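Notes follow the structure.
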Amino acid sequence: MWEVWLRRNWQWISLAGVILIVSLGLVWINVTHKEASATKLASKPMDKPLPVKKSVSKQLVIDVKGGVVRPGIYYFVKAPTVAQVVATAGGFDKAVRTERLNLAAKMADQTVLFIPLGDADVPAEFPLPGVQVKESAGANFAKSNLININQANKAELMNLTGIGAKRAEDIINYRNGHGNFKEKDELKLVHGIGEKIFERISSQITI
């Protein structure tokens, strides 16, 4: 009976065998192609990553002194105002008179911000940013009353402490013989004017 069935259906069995073989062949070809593609992709050199540019920003450095909570050196990305610098340094000391300051003034790189306490004088080498220095009336008066040793006559020179008629004449004679004084210390070269007399009159003269 089995043999009879085989004889009747051998054509269909052969066709099924052919289809099976062809299917297996197609599967093998597909797998081989994928493996080859993967190998080729793996062997391809990777593109070099683009270099990342680092943004380098120059920092400004400010030296803070005087009436702040934390004096010291501070760094800023851009030019800060006086108010920003003081805030970074912890704020004002209680004794500071803020009306003396220009809080909106910009600070330059590598400079000193000196905050005076109360009515204390501001050092000449550390002027307050954005604040115009005005001479007091007393300072102007004192300056106008200085004796110019290159122009003063005998009577005017005798107004100097410790300078009498003889020494006044010596100053004029020296000036006539050597020309105008180049600096105040040169007055000590005049006969009879030593270190002690010069110390007494140095604040009273100008050139």
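All residue numbers for the sequence shown refer to my numbering, where the first residue is 3 and numbers rise by one.
Ideal Cβ positions, reconstructed from N, Cα and C, are used throughout, including at glycine.
Keep in mind the model is a prediction, meaning the values are calculated, not measured.
- Residues of the same chain with a CB within less than 7 Å of the CB of phenylalanine 78, apart from the 5 flanking positions on each side, are Gln61, Leu62, Ile64 in chain order.
- In the structure shown, glycine 196 adopts coil according to DSSP, grouped into three states.
- For the pair of segments examined, the segment 119 to 128 was found to touch the segment 95 to 105: the number of CB pairs separated by less than 8 Å reaches three.
- In the DSSP assignment, isoleucine 174 falls within the unbroken alpha helix (DSSP H) covering 167 to 180.
- Counting the other Cβ atoms within 10 Å of the Cβ of proline 131 gives 16 or more, which makes it buried.
- Around the beta carbon of valine 192, 16 or more other beta carbons sit within 10 angstroms, so the residue counts as buried.
- In this structure, isoleucine 174 places its C-beta atom within 8 Å of the C-beta atom of lysine 156.
- DSSP, reduced to helix, strand and coil, places valine 87 within a helical segment of the structure shown.
- At least 8 Å separates the beta-carbon of alanine 85 from that of lysine 108.
- Residue environment for isoleucine 165: buried (at least 16 other C-beta atoms within 10 angstroms of its C-beta).
- With contacts defined as CB atoms closer than 8 Å, isoleucine 209 and threonine 163 fail to qualify as a contacting pair.
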